[in-house]
Amino acid sequence: MSNNQASSAASEPLSAATFARFAREVAKFPADQNASAVMACLSIVQQEQGWVSSGAESEIATYLGMAPMAVHEVTTFYNMYNQQPVGRFKLNVCTNLPCQLRHGQQALEHLCSKLGVAVGGTTADGLFTVQPCECLGACADAPVMLVNDRQMVSFMSNDRLDELVDVLKAQAQ
Numbered sequence: 096m097s098n099n100q101a102s103s104a105a106s107e108p109l110s111a112a113t114f115a116r117f118a119r120e121v122a123k124f125p126a127d128q129n130a131s132a133v134m135a136c137l138s139i140v141q142q143e144q145g146w147v148s149s150g151a152e153s154e155i156a157t158y159l160g161m162a163p164m165a166v167h168e169v170t171t172f173y174n175m176y177n178q179q180p181v182g183r184f185k186l187n188v189c190t191n192l193p194c195q196l197r198h199g200q201q202a203l204e205h206l207c208s209k210l211g212v213a214v215g216g217t218t219a220d221g222l223f224t225v226q227p228c229e230c231l232g233a234c235a236d237a238p239v240m241l242v243n244d245r246q247m248v249s250f251m252s253n254d255r256l257d258e259l260v261d262v263l264k265a266q267a268q
């Protein structure tokens, strides 16, 4: 299963390989600063499981010697961490004011309509999750969106959105 495919809602226990990756991240910081690796550990879990469950947050907290709530606060502060299973392609559309002024909300609504999902929803085939997001720092290129938290796409007219969905569907086959 790819790192962005929806997985079951049940939390999988973290593997020895995951903890080995955590150790490499923790080693980058002074011995008394384990909590500095929290974002890296959350990213590792998401890469491996596709999302960050409350169980994974607890395991990270124990490993780093942090309060579970402190890990949860990081998970919920940043929209790059999935708090529930998402589709293979997570499409985050910027809906902050500059993008709003250049049709960001309409881009979000067009995607939802095209894919037949509500905002924040995942398609029945598990391919797409469509979400609004905060500023992506490319206001001059609005409306902008982020695909799988890695690829920024700009000037997303309805035609460009349709083309993107078609390309991603073709990649999935």
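Here our numbering = 1-based position in the sequence shown + 95.
Where a beta carbon is used, it is the ideal one built from N, C-alpha and C, also for glycine.
CA-CA distance, residue 252 and residue 202? 7 Å
Residue 111: which of 139, 163 and 180 sits nearest, CA to CA? 139
Work out the CA separation of residue 137 and residue 250 for me, nearest whole Å. 31 Å
Buried or exposed: where does residue 93 fall if 16 or more other Cβ atoms within 10 Å of its Cβ makes it buried? Beyond the ends of the chain as shown, which are 96 and 268, falls residue 93; an answer cannot be given.
I'd like the list of long-range same chain contacts for residue 264, defined as Cβ closer than 6 Å, with 5 residues on each side in sequence excluded. Counting only Cβ-Cβ distances below 6 Å, and skipping sequence neighbours, we find nothing.
Just the Cα atoms here: how many angstroms apart are residue 266 and residue 128? 41 Å
Among 142, 147, 262 and 173, which residue has its Cα nearest to the Cα of residue 116? 142
Pick from 233, 176, 168 and 219 that is closest to residue 182, judged by C-alpha positions: Relative to residue 182, the option among 233, 176, 168 and 219 whose CA is nearest is 219.
Within 10 angstroms of its Cβ, does residue 148 collect 16 or more other Cβ (buried), or is it exposed? buried
Between residue 155 and residue 229, what straight-line distance do the alpha-carbon atoms span, to the nearest angstrom? 26 Å
Unbroken beta strand (DSSP E) runs of length 3 or more, entirely within the region 130 to 207: which are they? 184 to 189
Between residue 213 and the rest of its own chain, which residues show a CB-CB distance below 7 Å, the 5 nearest in sequence each way excluded? 207
So, with DSSP's three-state summary, where would you put residue 114? helix
To the nearest angstrom, how far is the alpha carbon of residue 241 from that of residue 108? Taking the straight line joining both Cα atoms gives about 29 Å.
In terms of alpha-carbon separation, which member of 232, 120 and 160 lies closest to residue 193? 232
Expressed to the nearest angstrom, what Euclidean distance is found between the alpha-carbon atoms of residue 188 and residue 223? 13 Å
In the structure shown, what three-state DSSP assignment does residue 242 receive? strand
Suppose the cutoff is 7 Å on Cβ atoms and the five residues either side in sequence are ignored; what does the same chain contact list for residue 215 look like? 226
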